[in-house]
């Protein structure tokens with residue numbers, strides 16, 4: 052292969068300033084989560100890395116958008132799912148955090164990601180700025196380095212000496228370094244922008260730790276150096292819409308030098324087709340028969356504006372001396388240019404077809420199938436191959452209703468090249484988003500659903516073709532080369548395109564090549580479509596499971612909760628086990644673990660019904676025994692196939708008691724503060740759905756620092772042994788009470804879980820910390836309106852004792868409204884309770900079971916405005932039934948500082 056000179060290093064024109072010293076240039080995804088939990092910034096790199104488009108992400112809550120695998124406390128601990136942004140928010144509670152955490156993107160692909168999380172204090176609350184970078188290329192070939200204003204390629208060391216562990220870190224705080232990140236911040240007022248930059252400067256810019264002695268600050272790197280990112284950069288490379296006079300003169304001289312004599316009209320001779328960029332104007336020639344390449348008039352109708360690029364018949368440049376092509380077939384005729392290939396394929400290379408049949412589609416993974424296709428063709432057929440699929444096809448899993456057009460967004464799924472990396476270092480990486488206008492061969496092939504052949508790429512259109520491959524920097528690389536673009540269509544729909552490129556030391560692509568490769572592309576498209584359908588089915592199952600299993604335990608005062616779920620079917624990732632933690636009035640919490648009999652989607656659907664019913668019944672604040680009785684009655688109405696075991700426990704952090712009831716479930720284990728494990732002896736009852744069996748509750752006292760371990764039988768069942776062996780191990784000195792619930796979950800799974808288990812596993816660990824008596828104030832009030840003034844006085848005095856006078860006026864107003872409503876409907880009992888934890892919780896209870904409702908009140912109405920005030924002035928409010936009567940509560944955030 053002919054060696055190409057390596058171009059001089061590029062200039063490092065970075066947003067917000069140029070790098071100083073040695074820095075690592077990374078594609079940095081930026082996400083800003085506002086104090087209300089909604090996403091305010093989602094840049095183009097975040098779209099490419101995580102798959103979610105900005106139009107979908109911006110404005111929605113960050114919770115639940117990116118499932119992740121939590122960073123492990125121990126190297127051997129099994130990975131468990133969590134929410135990426137919730138976890139980052141927790142990790143950055145005490146200050147900026149940097150590290151690695153794998154996430155699932157929109158297509159359910161697991162991506163190794165480096166993260167930098169910056170908590171930002173603002174007037175409205177705490178925001179979270181998250182920066183992220185794809186760790187896979189960093190761990191394989193290393194980052195791109197900039198020295199001063201010059202970019203240099205990473206000097207890869209031999210495999211043994213190459214850095215194997217690239218870690219996220221922070222560089223020393225520096226105001227100049229934070230300026231390089233200014234382009235990642237949102238458009239906002241100068242004051243807010245200044246505060247954000249000051250916070251970044253104080254925390255330190257992101258950096259890469261290559262080894263203990265090497266720390267490289269990170270600078271954001273756009274899609275290609277020197278060009279605008281995203282679609283704007285791609286559009287800039289599709290031809291200069293307003294060329295300078297010198298450019299027009301040079302283009303005209305080049306065309307004149309190589310233009311052949313015009314054929315005589317009417318003789319049947321036809322000028323060879325080529326492509327060149329010219330200023331659009333009146334067209335005298337109609338489209339050449341037999342070709343779908345648009346004439347100047349047609350090209351203008353498809354999008355270019357006056358003065359823009361247009362397609363014009365022209366002669367191609369002189370071909371380079373040809374060497375034997377890899378694919379046998381008829382010799383290419385002398386006329387070149389862009390040609391839409393139609394008709395049936397000729398006899399092709401049967402060995403190549405056999406290779407495609409045996410090596411492409413070996414799995415039902417879409418990315419693997421696309422990569423296998425590229426690897427079969429490179430270097431055997433081409434020097435460069437890439438597969439670009441419709442982005443909407445990957446995300447929605449459904450075939451698009453409209454045919455592709457100039458606005459269709461493609462996502463690069465796979466690419467392979469057979470050359471020194473310096474030749475292709477500007478080509479878009481896998482996961483990049485791009486558009487292909489009809490004026491380019493890829494866009495033409497996509498919209499026509501026909502192969503497009505470019506035997507030789509002329510210099511005047513190399514800019515267009517380079518942009519379609521990934522960037523104008525490829526212009527010196529693609530000029531004089533041969534290109535073939537093949538549509539990937541299956542079952543009547545276009546999925547994407549396959550782009551192939553040959554360097555100048557190989558024979559250009561011919562029609563015979565196009566015929567054979569068209570058949571190969573058709574076979575590969577079926578494999579890709581099968582993989583797409585399989586991905587869509589798996590996504591349905593995964594979405595079903597995630598919608599039924601909580602990904603993040605709730606934060607409830609007085610108790611710490613952690614949980615794990617491991618499906619028995621690793622492929623479907625669905626099962627019938629479930630767990631839940633439900634907050635109840637009075638800072639109490641309901642802990643639930645259940646197991647539907649059976650496996651697969653049917654059990655998962657039944658589990659979803661049980662979990663929904665359990666949450667609804669828990670909101671009624673029924674005692675555990677009564678709740679299981681109602682659930683059993685419901686199961687019998689749903690059908691005979693709804694059988695499940697269940698354990699329901701209610702923990703009261705104020706009275707330090709736990710009331711439990713079991714429906715044939717595995718008994719829980721109580722780990723005392725001294726580390727002793729106790730298997731609780733509960734009346735077992737019968738599974739939910741059997742009917743006719745009573746459910747008896749048991750109340751126990753629990754000490755602060757103890758842990759309650761609830762699990763399903765899949766964890767404690769031992770193959771070839773008795774379930775008692777697993778319970779005995781769980782009751783041993785397995786859990787250290789000083790551990791956090793997360794660490795306890797990892798310890799239990801490391802000890803008891805084995806890879807050969809085929810049953811689902813649900814594990815929930817709750818640590819009981821209690822609420823100190825000094826943080827609780829409770830008063831019994833009489834059923835008279837005179838008690839309203841007393842309630843205000845009690846609240847005022849208690850808030851002063853807690854040094855919360857800043858909340859005094861608002862809380863007094865809301866308490867007076869709720870107490871007034873309570874004394875009007877209560878028969879003999881009204882209770883007021885204040886709890887100070889990480890927030891102020893206020894509850895007003897009475898013995899009337901009718902729940903109040905929020906209704907609009909007129910400006911002159913004397914009644915109905917109380918709950919409206921509570922809804923407007925409190926952070927959160929709600930109502931719930933109790934065993935006798937009801938409770939109305941609201942929450943207020945504690946003053947900062």
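In my numbering, the protein residues as written are 52 to 948.
For each residue, glycine too, the CB sits at the ideal point set by N, CA and C.
For residue 446, the closest alpha carbon among the candidates 583, 613, 706 and 452 is that of 583. Looking at the DSSP output, residue 257 sits in a beta bridge with 221. In summary, residue 501 is buried, with 16 or more beta-carbon neighbours lying within 10 Å of its beta-carbon over all protein chains present. By the CB criterion at 8 Å, residue 710 and residue 701 fall inside the cutoff. Less than 8 Å separates the beta-carbon of residue 436 from that of residue 550. Between residue 764 and residue 683, the C-beta spacing is not below 8 Å. Relative to residue 541, the option among 712, 760, 569 and 116 whose CA is nearest is 569.
For residue 435, there is no enclosing alpha helix (DSSP H); the residue is found in the beta strand (DSSP E) stretching over 435 to 441. Residue 131 is not bridged by DSSP to any residue.
Residue environment: residue 498 is assigned as buried (16 or more neighbouring CB atoms within 10 Å of its CB, all protein chains considered). Bridge pairing for residue 728: 722 [DSSP]. Residue 742 is positioned such that its CB atom lies no closer than 8 Å to that of residue 788.
The stretch 876 to 889 and the stretch 820 to 833 touch, with no fewer than 3 CB-CB distances between them shorter than 8 Å.
The beta carbon of residue 411 sits closer than 7 Å to those of 420, 423, 424, 427, 575 and 578, all from its chain and outside the five residues before and after it, given in chain order. Between residue 811 and the set 626, 98, 481 and 409, the nearest pair of CA atoms involves 626.
Burial state of residue 802 is exposed, judged by a 10 Å Cβ sphere holding fewer than 16 other Cβ atoms.
The shortest CA-to-CA distance from residue 669 to any of 686, 657, 641 and 917 is the one to 641. Considered as a whole, the stretch 583 to 647 harbours 610 to 617, 628 to 634 and 640 to 647 as its complete beta strand (DSSP E) runs of no fewer than 3 residues, in chain order.
Taking residue 601 as the centre and dropping the five residues before and after it, the same chain places the C-beta of 631 closer than 7 Å to its C-beta, in chain order.
DSSP places residue 150 in the strand class (E or B) of the three-state scheme.
In this structure, 849 is the residue among 849, 699 and 221 with its C-alpha nearest to the C-alpha of residue 825. Taken through DSSP and simplified to helix, strand or coil, residue 566 comes out as helix. Secondary structure note for residue 943: its beta strand (DSSP E) is the uninterrupted segment 937 to 944. In this structure, residue 168 keeps its C-beta atom at 8 Å or more from the C-beta atom of residue 189. Straight-line measurement puts the Cα of residue 90 at about 7 Å from the Cα of residue 108.
In the three-state reduction of the DSSP assignment, residue 483 falls in the coil class.
The shortest CA-to-CA distance from residue 159 to any of 165, 261, 122 and 102 is the one to 102.
Just so you know, the alpha carbons of residue 876 and residue 889 end up roughly 32 Å apart.
For the set 598, 633 and 656, the Cα lying nearest the Cα of residue 612 is the one of 633. Nearest to residue 628 by alpha-carbon distance, out of 597, 255 and 99, is 597. Annotation for residue 121: no beta strand (DSSP E) segment contains it, and DSSP assigns it neither H nor E. The beta-carbon separation of residue 482 and residue 462, rounded to 7 Å, stays under the 8 Å limit for a contact. Look at residue 576 here: in three-state DSSP terms it is helix. Buried is the label assigned to residue 116, since at least 16 other Cβ atoms lie within 10 Å of its Cβ. Looking from the CA of residue 455, the closest CA among 493, 516 and 464 belongs to 493.
Here the alpha carbons of residue 786 and residue 727 stand approximately 9 Å from one another.
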